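Read in order, the letters of the sequence shown correspond to residues 0 to 273 in numbering that gives the first Met the number 0. For glycine and all other residues, C-beta sits at the position ideal for the given N, C-alpha and C. Only a predicted model underlies this, so the values are computations on that prediction, with no experimental measurement involved. Working notes, beginning with the structure itself.
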Amino acid sequence: MGILNVTPDSFSDGGKYLDPSKALERALRMQEEGADIIDVGGESTRPKNTSYGEGADPVSLEEELRRVIPVIARVAANVSVPISVDTMKSAVAERALQEGASIVNDVSGFSFDNGMISVMASHRATAIAMHMQGTPKTMQVQPRYDDVTREVRDFLEEKVHQAREAGIYQVIVDPGIGFGKRLEDNLALLREVCEFRSLGCPVLVGVSRKGFIGALAHVSVEERVEGSIGAAVVAAANGADIVRVHDVRETKRALLVADAIVRPASMQQSVTTV
Ligand code: HH2
0 MGILNVTPDS
10 FSDGGKYLDP
20 SKALERALRM
30 QEEGADIIDV
40 GGESTRPKNT
50 SYGEGADPVS
60 LEEELRRVIP
70 VIARVAANVS
80 VPISVDTMKS
90 AVAERALQEG
100 ASIVNDVSGF
110 SFDNGMISVM
120 ASHRATAIAM
130 HMQGTPKTMQ
140 VQPRYDDVTR
150 EVRDFLEEKV
160 HQAREAGIYQ
170 VIVDPGIGFG
180 KRLEDNLALL
190 REVCEFRSLG
200 CPVLVGVSRK
210 GFIGALAHVS
220 VEERVEGSIG
230 AAVVAAANGA
240 DIVRVHDVRE
250 TKRALLVADA
260 IVRPASMQQS
270 VTTV
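Dropping the structure here:
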């Protein structure tokens with residue numbers, strides 16, 4: 000899954016793709032480099048208490064629609080891979096689905112906006128349910144778990160159940176690396192990705208250029224490509240079906256090799272249905 004942030008303030012690529020023609024160029028490039036999904040987002044979730052300064056401010060509905068919808072329309076008309084919309088707002092999801100997106104990536108796990116489930120159900124969208132403790136503004140303020148993998152798994156199980164009750168059967172689960180997690184929580188979740196496979200859904204992991212890579216490799220956000228690829232390879236080896244990345248070409252090459260070594264066809268859950 001290639002990341003297309005249409006935001007002025009995303010932590011690693013903010014401001015680069017605000018212009019719809021630049022965004023389209025980027026989407027086409029990621030498709031050519033091997034992305035199987037393009038994820039378009041108009042609201043940064045940059046955490047507080049990090050080297051990026053203050054946490055991201057929430058974006059109004061009007062502003063998010065203004066950023067995202069023209070880009071989704073242009074990307075949908077020009078790429079052949081599925082498009083997901085990274086939003087917590089049901090009105091943004093609805094417009095994006097009308098314009099050609101087919102997946103909704105809701106980092107709040109459908110908790111922020113209680114209209115989200117019915118929008119996804121009525122459009123027969125694929126739902127990505129991600130775990131987050133708190134909100135983007137507060138999530139890195141003393142996150143705490145007794146058993147992070149069990150607690151995140153229980154949360155995602157409930158979300159899968161909630162989606163199925165509403166008639167949404169295509170659900171992708173995501174433990175939410177960096178969303179209300181300490182370093183040791185992120186590492187435990189990546190070590191134990193296989194625990195999420197028993198939910199019976201494809202598992203998505205987003206590690207690209209995130210803070211824990213900077214903390215471990217002592218590198219700024221511009222220098223996290225190698226660490227990101229290392230983490231993506233380990234996540235895939237441990238059972239992730241989809242990795243959400245900025246550096247598509249490099250990650251794809253690494254994953255082609257890693258997959259051939261560690262993932263026999265029988266272990267791969269179907270993601271072609273999304
Ligand atoms: N991470 C980010 C945003 N959306 N969605 C899912 N499903 N999983 C993730 O791990 C995830 C996500 C944060 O990364 P990024 O989009 O690069 O930054 P920002 O939130 O600052 O735009």
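Taking the straight line between their C-alpha atoms, what separation do you get for residue i and residue j?
i	j	result
V244	L64	23 Å
L255	M119	32 Å
R212	Q97	According to the sequence provided, residue 212 is Ile. The question's Arg does not apply to it. Distance between the alpha carbons of I212 and Q97 is about 37 Å.
S121	A214	42 Å
V103	V91	10 Å
A165	V151	21 Å
A72	V78	10 Å
R143	A234	22 Å
A236	M138	28 Å
P201	K15	30 Å
T49	L182	Model confidence at T49 stands at a pLDDT of 49, short of 50, so the residue's coordinates are unreliable; what they give is reported in the following sentence. One C-alpha to the other measures close to 12 Å.
A253	I228	7 Å
A231	V242	6 Å
A76	D145	47 Å
T86	R45	14 Å
E221	N185	20 Å
I176	M129	9 Å
G108	D258	28 Å
E194	F154	13 Å
G99	A124	11 Å
E249	L17	24 Å
E61	Y168	30 Å
R196	I260	19 Å
E156	V172	9 Å
A34	G114	30 Å
K180	Q161	24 Å
I36	K21	18 Å
S110	K136	15 Å
S297	I116	There is simply no residue 297 to check, as the chain begins at 0 and stops at 273 in what is shown.
Using a 10 Å radius around the Cβ and a threshold of 16 neighbouring Cβ atoms, would you call residue i buried or exposed?
i	result
Q30	buried
T271	For T271, the predicted model reports a pLDDT of 49, less than 50, meaning its position is unreliable and no value from the coordinates is stated.
E93	buried
R163	exposed
D240	buried
G52	At G52, the pLDDT of 49 sits below 50, so the modelled position is not reliable; the number obtained from the coordinates is stated separately. The residue in question, G52, is exposed, as its Cβ has fewer than 16 Cβ neighbours within 10 Å.
E42	buried
V159	buried
G238	buried
G40	buried
For residue i, is the beta carbon positioned less than 7 Å from some heavy atom of the ligand PLP?
i	result
L215	Inclusion of the ligand PLP in the displayed structure is not the case, the ligand content consisting of the ligand HH2 alone.
Answer yes or no: do residue i and residue j have a C-beta to C-beta separation smaller than 8 Å?
i	j	result
L23	V80	no
A216	G226	yes
G13	P7	yes
D246	S207	yes
S101	D38	no
V67	A95	yes
V70	V5	yes
T148	L188	yes
Q132	F178	yes
K88	D56	no
L203	M0	yes
E32	K209	no
A126	V192	no
R28	L3	no
Which residues does DSSP list as the beta-bridge partners of residue i?
i	result
D38	I2 and S83
R129	The amino acid occupying residue 129 in the given sequence is Met; Arg does not appear at that position. D173, per the DSSP bridge assignment.
V242	V204
N104	D85 and I127
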